[in-house]
Each structure stands twice: as C-alpha cells, then as structure tokens.
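Enquirer: If you're matching positions, the sequence shown starts at 1 in the UniProt record's numbering and goes up one per residue.
All residues carry an ideal CB built from backbone N, CA and C; glycine is no exception.
Please read all numbers here as calculations on a predicted model, not as lab measurements.
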Amino acid sequence: MGDTATTHHTKSANNGANDNQIGFKSRVSVIGSGSWGSVAAKLVAFNTLNLSSFHDEVKMWVFEETLQSGEKLTDAINRTNENVKYLPGIKLGKNVIADPDLDNAVEDANMLVFVTPHQFIDNICKSLVGKVRSDAEAISLIKGMEVKIEGPCLISTYISEQLGINCSVLMGANLANEVQDVEGVELCGTLKNVVAIAAGFVDGLDMGNNTKAAIIRFGLREMREFCKLLFSSVKDDTFFESCGVADVITTCFGGRNRKVAEAFARNGGKRSFDELEAEMLQGQKLQGVTTVREVYEVLRHRGLLELFPLFATVHEICSGCLPPSAIVIYSEKKNIFPV
Numbered sequence: 001m002g003d004t005a006t007t008h009h010t011k012s013a014n015n016g017a018n019d020n021q022i023g024f025k026s027r028v029s030v031i032g033s034g035s036w037g038s039v040a041a042k043l044v045a046f047n048t049l050n051l052s053s054f055h056d057e058v059k060m061w062v063f064e065e066t067l068q069s070g071e072k073l074t075d076a077i078n079r080t081n082e083n084v085k086y087l088p089g090i091k092l093g094k095n096v097i098a099d100p101d102l103d104n105a106v107e108d109a110n111m112l113v114f115v116t117p118h119q120f121i122d123n124i125c126k127s128l129v130g131k132v133r134s135d136a137e138a139i140s141l142i143k144g145m146e147v148k149i150e151g152p153c154l155i156s157t158y159i160s161e162q163l164g165i166n167c168s169v170l171m172g173a174n175l176a177n178e179v180q181d182v183e184g185v186e187l188c189g190t191l192k193n194v195v196a197i198a199a200g201f202v203d204g205l206d207m208g209n210n211t212k213a214a215i216i217r218f219g220l221r222e223m224r225e226f227c228k229l230l231f232s233s234v235k236d237d238t239f240f241e242s243c244g245v246a247d248v249i250t251t252c253f254g255g256r257n258r259k260v261a262e263a264f265a266r267n268g269g270k271r272s273f274d275e276l277e278a279e280m281l282q283g284q285k286l287q288g289v290t291t292v293r294e295v296y297e298v299l300r301h302r303g304l305l306e307l308f309p310l311f312a313t314v315h316e317i318c319s320g321c322l323p324p325s326a327i328v329i330y331s332e333k334k335n336i337f338p339v
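(1) Would you give the residue range spanned by the alpha helix (DSSP H) that residue 341 belongs to?
(2) Between which two residues does the alpha helix (DSSP H) carrying P309 extend?
(3) Do you know whose CA, among G34, R256, V28, lies nearest F54's CA?
(4) For M145, count the other beta carbons within 10 Å of its own beta carbon; 16 or more makes it buried, fewer makes it exposed. Which is it?
(5) May I have a chain-ordered list of the alpha helix (DSSP H) segments no shorter than 4 residues that lie completely inside the stretch 243 to 274?
(6) Output yes or no for whether 9 Å exceeds the beta carbon distance between K45 and V96.
(7) Suppose you measure from the CA of T238 to the CA of N78; what does that come to, to the nearest Å?
(8) If you draw a straight line from the alpha carbon of T74 to that of K42, how long is it in whole angstroms?
(9) Within 10 Å of its beta-carbon, does A278 have 16 or more other beta-carbons around it, so buried, or fewer, so exposed?
(10) Is the beta carbon of I121 less than 9 Å from the beta carbon of I155?
(11) Residues bridged to L61 by DSSP?
(12) How is L191 classed by DSSP in three states: helix, strand or coil?
(13) In the DSSP assignment, what residue or residues form a beta bridge with H91?
(14) Helix, strand or coil: which one does DSSP assign to V132?
(15) Should C188 be listed as close to the ligand SAH, given that the test is whether its C-beta is under 8 Å from any heavy atom?
(16) State yes or no: is the C-beta of S140 within less than 9 Å of the C-beta of I159?
(17) Whose C-alpha, out of S26, A326, Q68, G320, is nearest the C-alpha of E137?
(18) State the Cα-Cα distance for the pair R224 and K235, rounded to the nearest angstrom.
(19) Using a Cβ-Cβ cut-off of 7 Å (strictly less than) and excluding sequence neighbours within five positions of G244, which residues of its own chain qualify?
(20) CA-CA distance, G204 and I327?
(21) DSSP on F54, reduced to helix/strand/coil?
(22) So T48 and D56 are in contact, right, with Cβ under 8 Å, and what is the actual spacing, rounded?
(23) For W36 versus V115, is the C-beta distance shorter than 9 Å?
(24) Please classify N110: is it buried, with 16 or more other beta-carbons within 10 angstroms of its beta-carbon, or exposed?
(25) Quick check: is the beta carbon of V39 nearer than 9 Å to any beta carbon in chain B?
(26) Does the beta-carbon of M60 have 16 or more other beta-carbons within 10 angstroms, so that it is buried, or is it exposed?
(27) Less than 8 Å between the CB atoms is what I'm expecting for G288 and P323, so what's the real figure, rounded?
(28) On a CA-only basis, which of D101, Q162, G93 is nearest K126? Give me that one, please.
(29) Using a Cβ-Cβ cut-off of 6 Å (strictly less than) and excluding sequence neighbours within five positions of E262, which residues of its own chain qualify?
(30) By a C-beta neighbour count over all protein chains shown, 10 Å radius and 16 as the cutoff for buried, is N193 buried or exposed?
(31) Please classify P152: does DSSP put it in a helix, a strand, or coil?
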C-alpha cells in the first residue's frame, strides 16, 4: 500500500440517501485499464470478494482497442480474465468485468478509482459530469497535474471540482503509513517522472552511477522547492516518505520514463519521444514528457526558470533545443537552493 492523502470537496445532496439502510453494499469501479489500472482492479477485486460490505463485481473501464488478432481488448480481457496487452499472464479475478462504455462502467458505483494517464483526465471528467452518484468517493492513482492560466491544479483537486465529490490520493512505493499532505504526496508522484527522464539521459550517455546519483540529488532538491513554491503547506517530512525519495529512486532505476529517456539519449535525440513511445511501450503512455512541459510552463509563467536549472534543461532536451549531453552541464547555471 502506498502513502495516501485526502483532499475534500463539499458535496451536494445525497442522491443515494436510501443506501444508508441495512444491507447496503458499496460498489467499486476502476477507471483505467493499463498495467497500473489492471493491478488496481485486481487488488480491489480481491478485497471486494472478502468484504461483505462490498458488491463482488468490479467494473473496469477500458479504452477500447483492437488487438493484432482482430479481437477487441475488452472481449479478450473478459474471455481470458487477463489484460492480455498491458498485464499478460496475470489473472485479474473472475469478478472483474471490463467495460468499454464509461457511463456504464461507473453506473451505481459509489467508489471510483481513477488510474489513467493524466493527459486523459480532462475528457474523462467532462464525460462523467452528472453521471456519477453525488455521494460517491474517488481515489486518484494518477501522476501529473492540470496546468491552467491561473496556475497548476492537482489531479485530485480537478476531479473533485469537476465531479463535485471527495477525492483521495494514493502514491508511493511500499510503506503503509498515511501522510496528511495531499499536495506534497501528489506532486512527488508527478515530479519524480521529470527526474527519471534526467536519470535516463545519464544512463543513455553511459555517464556512470556517480553522475546519476548527483542528478537524483539535484532532482529531489528541485522537487522540494517546486512543491513549496506552489504550496507553502507542503511538509519536509513528506519527501522522506515512500512517495518521496523512495519512489524517486525506484523510478530513476526502472520504469518507462527512464527507459525511453535512455533510448532517446543513445540516439542523440534524433528520434522523437513519440516515436520511441510507440515502439517501446506498445500502447502505454509516457507521462513524463507531458509533465516536463507542464512544469516548464508553470516556471516560465512565474519567471522562475533560472531557479530550476535541472527541470528547465530536461525540457530543453525533450523539446530538441539542447542535446542530451547538456544534462551534465546544467548545474553550472545559477541555483540558489541549498543542497
């Protein structure tokens, strides 16, 4: 279990008021069906079978695809009880039902688990307005943020504002303690992918573990300062929880963002991230590059780029303005933050 934090949104009248009667059972829907979404559905489904207060069935919304065999992904999941494309070989549980219809997938659910690439959350939420129960509770496993003219918006906050329901956050590597710092927890899960891309550049250039360790250290520093500039309430202790340093280290030594960034650097930046994503991830989405651009826009709008040389340099490399080798000289730029 990862670190959790909760953000609150005042809810409207309870359309499910009769559900307080004896015998009411909660119903869970998982919105998303990539590798992480499938894992979430499997874990939720296991627990609903073992808890009498929940309906056994767990619906998992699937963005429909056609497999090379010609079979629809949804049909393949329901036939084999596996996500044959994104989590092959792992049984999800007979009570997991894949559904390509978003409205149908969330119907009657009073617990919603959001686990999609963050660039899709805007359209998903807009599609769900007026479709979810007013007494529903949500939890976001999504890493990323929405960037608006007035400033960045956390995904959990965006879900709450769009749907008028409470939304919690689950992030982190492996600790079970609860962290009461929703902004810190969610931003750590977002910003770690920027640092992982930088680490991938170092790997692709064969610069060694010492350089990679330095990049991770600088990245953690900029993560902390970025969080505190946006949300003064962010706690230093959060960065020492599993959602902080532990998750950053894990992501910088594994994961798709580091992997694709390594390939990008080995090709000297001659192949685009979109091309590498399509070739290497087989339909999965690379969220880090989008986050890099969003972070850059926040810093540019506030005139703070000079204070975040690593984040700025990663963006310039990703956008083709600098070669991957620039990752090792970024630290020569002015930086006022203490290590």
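Expert: According to the structure data:
(1) With the chain covering 1 to 339 only, the question about residue 341 has no answer from this structure.
(2) Counting from 1 along the sequence shown, the entry for residue 309 is found at position 309. Looking at the DSSP string, the run of the alpha helix (DSSP H) that includes P309 is 309 to 318.
(3) The residue labelled residue 54 in the question sits at position 54 within the sequence shown. With distances taken between Cα atoms, F54 lies closest to V28.
(4) Numbered from 1 along the sequence shown, position 145 holds the residue referred to as residue 145. M145 is buried by the Cβ-count criterion.
(5) 247 to 252, 256 to 266
(6) Counting from 1 along the sequence shown, the entry for residue 45 is found at position 45. Counting from 1 along the sequence shown, the entry for residue 96 is found at position 96. Contrary to the premise, residue 45 reads as Ala rather than Lys in this sequence. Yes, Cβ-Cβ distance for A45 and V96 is below 9 Å.
(7) Position 238 of the sequence shown holds residue 238. Position 78 of the sequence shown holds residue 78. The straight-line gap from Cα to Cα measures roughly 40 Å.
(8) Counted from its first residue, the sequence shown places residue 74 at position 74. Counted from its first residue, the sequence shown places residue 42 at position 42. When rounded, the distance between both Cα atoms is 15 Å.
(9) Within the sequence shown, numbered from 1, the residue matching residue 278 stands at position 278. Per the 10 Å Cβ criterion, exposed.
(10) By 1-based counting over the sequence shown, the position of residue 121 is 121. By 1-based counting over the sequence shown, the position of residue 155 is 155. Yes, the pair counts as a contact, with Cβ atoms nearer than the cut-off.
(11) What you label residue 61 is simply residue 61 of the sequence shown in a count that begins at 1. It is worth fixing the name first, because residue 61 is Trp in this sequence and not Leu. Note: W61 sits in a beta bridge opposite I31, D99.
(12) Indexing the sequence shown from 1 puts residue 191 at position 191. Helix.
(13) Here the question's residue 91 lines up with position 91 in the sequence shown. Sequence inspection shows Lys at residue 91; the His mentioned does not correspond to that position. Beta-bridge partners assigned by DSSP to K91: E82.
(14) Position 132 of the sequence shown, counted from the first residue, corresponds to residue 132. DSSP places V132 in coil when its eight states are reduced to three.
(15) The ligand SAH is absent from the structure shown, which contains no ligands of any kind.
(16) Looking up residue 140 in the sequence shown gives position 140. Looking up residue 159 in the sequence shown gives position 159. Taking 9 Å as the Cβ cut-off, S140 and I159 qualify as a contacting pair.
(17) The sequence position of residue 137 within the sequence shown is 137, counting from 1. Checking every option, the nearest Cα to that of E137 belongs to S26.
(18) Taking the first residue of the sequence shown as 1, we reach residue 224 at position 224. Taking the first residue of the sequence shown as 1, we reach residue 235 at position 235. Rounded to the nearest angstrom, the two C-alpha atoms are 9 Å apart.
(19) As a working mapping, residue 244 is identified with position 244 in the sequence shown. The residues are C188, T238.
(20) Against the sequence shown, residue 204 aligns to sequence position 204. Against the sequence shown, residue 327 aligns to sequence position 327. Going by the C-alpha atoms only, they are around 11 Å apart.
(21) For the purposes of this step, residue 54 is taken as the residue at position 54 of the sequence shown. In this structure, F54 counts as strand in the three-state DSSP scheme.
(22) Taking the sequence shown and counting its residues from 1, one reaches residue 48 at position 48. Taking the sequence shown and counting its residues from 1, one reaches residue 56 at position 56. Going by Cβ atoms, the distance from T48 to D56 rounds to 6 Å, so yes, they are a contact pair.
(23) Mapped onto the sequence shown, residue 36 falls at position 36. Mapped onto the sequence shown, residue 115 falls at position 115. It is a contact, given that the beta carbons lie within the stated cut-off.
(24) For the purposes of this step, residue 110 is identified with residue 110 of the sequence shown, where counting begins at 1. Burial call: buried.
(25) Here chain B cannot be found, since the structure has a single protein chain.
(26) Against the sequence shown, residue 60 aligns to sequence position 60. With 16 or more Cβ atoms within 10 Å of its Cβ, M60 is classed as buried.
(27) As a working note, residue 288 is residue 288 in the sequence shown. As a working note, residue 323 is residue 323 in the sequence shown. So it is not a contact: roughly 19 Å between Cβ atoms.
(28) Translated into the one-based positions of the sequence shown, residue 126 becomes position 126. Ranking the options by Cα distance to K126, first place goes to Q162.
(29) Your numbering for residue 262 matches position 262 in the sequence shown. Only G200, D203, G204 meet the Cβ criterion.
(30) Locating residue 193 in the sequence shown gives position 193, counting from the first residue. It counts as buried.
(31) In the sequence shown, the residue the question calls residue 152 occupies position 152. Strand at P152.
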